[in-house]
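Going line by line, the protein sequences match chains A and B.
Anchor point for the first sequence: position 93 equals 984 in this note's numbering, and the numbering is continuous, going up by one each time.
Anchor point for the second sequence: position 34 equals 1367 in this note's numbering, and the numbering is continuous, going up by one each time.
A virtual CB, placed ideally from N, CA and C, is assigned to each residue, including glycine.
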Amino acid sequence: DGGITQSPKYLFRKEGQNVTLSCEQNLNHDAMYWYRQDPGQGLRLIYYSQIVNDFQKGDIAEGYSVSREKKESFPLTVTSAQKNPTAFYLCASSIVGREKLFFGSGTQLSVL
Amino acid sequence: DQQVKQNSPSLSVQEGRISILNCDYTNSMFDYFLWYKKYPAEGPTFLISISSIKDKNEDGRFTVFLNKSAKHLSLHIVPSQPGDSAVYFCAASAETSYDKVIFGPGTSLSVIP
Chain A
892 DGGITQSPKY
902 LFRKEGQNVT
912 LSCEQNLNHD
922 AMYWYRQDPG
932 QGLRLIYYSQ
942 IVNDFQKGDI
952 AEGYSVSREK
962 KESFPLTVTS
972 AQKNPTAFYL
982 CASSIVGREK
992 LFFGSGTQLS
1002 VL
Chain B
1334 DQQVKQNSPS
1344 LSVQEGRISI
1354 LNCDYTNSMF
1364 DYFLWYKKYP
1374 AEGPTFLISI
1384 SSIKDKNEDG
1394 RFTVFLNKSA
1404 KHLSLHIVPS
1414 QPGDSAVYFC
1424 AASAETSYDK
1434 VIFGPGTSLS
1444 VIP
């Protein structure tokens, strides 16, 4: 079955720690995205990538970093510079050209 | 500044009636719009889309209407079913930045049996 896999489903971060959220897709999509959802708010774009080895900042990129070494993978690192990391993180992919986004099931990140 | 707005955080509708979810946008460059449905602790799933060259798109019980002059779109669900209870997100993108999709804050729909 084709789809997007996010792991882990739940993640806890200690103060000063970097954590990495995994996102893998087998849909052969060129574009991948990371969104953040806070309670009562919409999805805010963190980073997106149209092709391998290239990515662009979204609206709230500060405190986050990404890499796109393989077409299938787009991991997100939440660095210690992100002071309010508690949120639900969603990864998505699409065929380049504004097709609909396919989302993973999300990762809930909490701060200990 | 929020480019995609959904001014109703929540909506309750009786089963079998029509649900109307509204969305407004400020960026006149947006020319492609999508609606997504989201259950708690899950990723959103695509529902329906509309291009700015159309003013209506229908898919079964779901119809999206677009009023470009008012920068307004709406999603109609007829008839509403309890399984439609979810958060609905409106999203938009512009041809000039076509891989950047902007989402609204969402409207939580409750369909009462």
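Which residues of chain A have a Cβ atom closer than 8 Å to the Cβ of residue i, listed in chain order?
i: B:S1343; result: The premise fails here: B:S1343 is roughly 10 Å from chain A at the closest Cβ pair, so nothing lies under 8 Å.
Which chain A residues sit within Cβ distance under 7 Å of residue i?
i: B:F1422; result: G933 and L934
i: B:P1438; result: Q932 and G933
Who are the neighbours of residue i on chain B, taking C-beta pairs under 8 Å?
i: A:K991; result: L1367, F1379 and S1382
Using a 10 Å radius around the Cβ and a threshold of 16 neighbouring Cβ atoms, would you call residue i buried or exposed?
i: B:M1362; result: exposed
i: A:V987; result: exposed
i: B:K1389; result: exposed
i: B:P1377; result: buried
i: B:Q1414; result: exposed
i: A:P976; result: buried
i: B:S1343; result: exposed
i: A:G949; result: buried
i: B:A1403; result: exposed
Whose Cβ in chain A lies nearer than 9 Å to the Cβ of residue i?
i: B:A1374; result: K900, F979, S996, G997 and Q999
Would you tell me roughly how many angstroms separate the C-alpha atoms of residue i and residue j, rounded to the nearest one?
i: B:V1397; j: A:V969; result: 37 Å
i: A:Y901; j: B:P1438; result: 23 Å
i: A:E906; j: A:V1002; result: 7 Å
i: A:V910; j: B:L1380; result: 32 Å
i: B:C1423; j: B:E1348; result: 22 Å
i: A:T896; j: B:I1410; result: 30 Å
i: A:A952; j: A:Y938; result: 6 Å
i: B:A1425; j: A:F903; result: 32 Å
i: B:I1353; j: B:A1374; result: 24 Å
i: A:G997; j: B:I1351; result: 31 Å
i: A:A983; j: B:P1446; result: 33 Å
i: A:N944; j: A:E960; result: 6 Å
i: A:K974; j: A:Y924; result: 21 Å
i: B:A1368; j: A:Q908; result: The identity of residue 1368 of chain B in the sequence shown is Trp, whereas the question assumes Ala. Taking the straight line from one Cα to the other gives about 36 Å.
i: A:G947; j: A:D921; result: In the sequence as presented, Gly is not what sits at residue 947 of chain A; that position holds Gln. Approximately 14 Å, taken between the alpha carbons.
i: A:Q941; j: B:K1433; result: 10 Å
i: B:L1399; j: B:K1387; result: 7 Å
i: A:S898; j: A:G995; result: 9 Å
i: B:R1394; j: A:S956; result: 41 Å
Note down, in chain order, each residue of its chain lying with its Cβ closer than 7 Å to the Cβ of residue i, except the 5 sequence neighbours on either side.
i: A:I991; result: In the sequence under discussion, the amino acid at residue 991 of chain A is Lys, which differs from the Ile named in the question. Contacts found: S985.
i: B:K1401; result: S1385
i: A:S958; result: P966
i: B:F1436; result: V1337, F1422 and A1424
i: B:A1427; result: N1360, M1362, F1363 and D1364
i: A:G869; result: This structure leaves residue 869 of chain A out entirely; chain A is present only between 892 and 1003.
Using C-beta distances below 6 Å, list every residue in its chain close to residue i, excluding the 5 sequence neighbours before and after it, in chain order.
i: B:S1443; result: S1345 and S1418
i: B:V1420; result: K1371, G1439 and S1441
i: B:F1366; result: I1383, L1406 and A1425
i: A:E915; result: T896, E963 and S964
i: B:S1341; result: T1440
i: A:G954; result: T970, A972 and Q973
i: A:L912; result: L967, Y980 and T998
By Cβ distance, which residues of its chain are closer than 8 Å to residue i, with the 5 residues on each side in sequence left out?
i: A:L934; result: Y926, R927, Q928 and L981
i: A:Q932; result: none
Consider the C-beta atom of residue i and the heavy atoms of the ligand PLP; say whether any pair is separated by less than 7 Å.
i: B:C1423; result: By its list of ligands, the structure shown contains no ligand whatsoever, and the ligand PLP lies outside what it can speak to.
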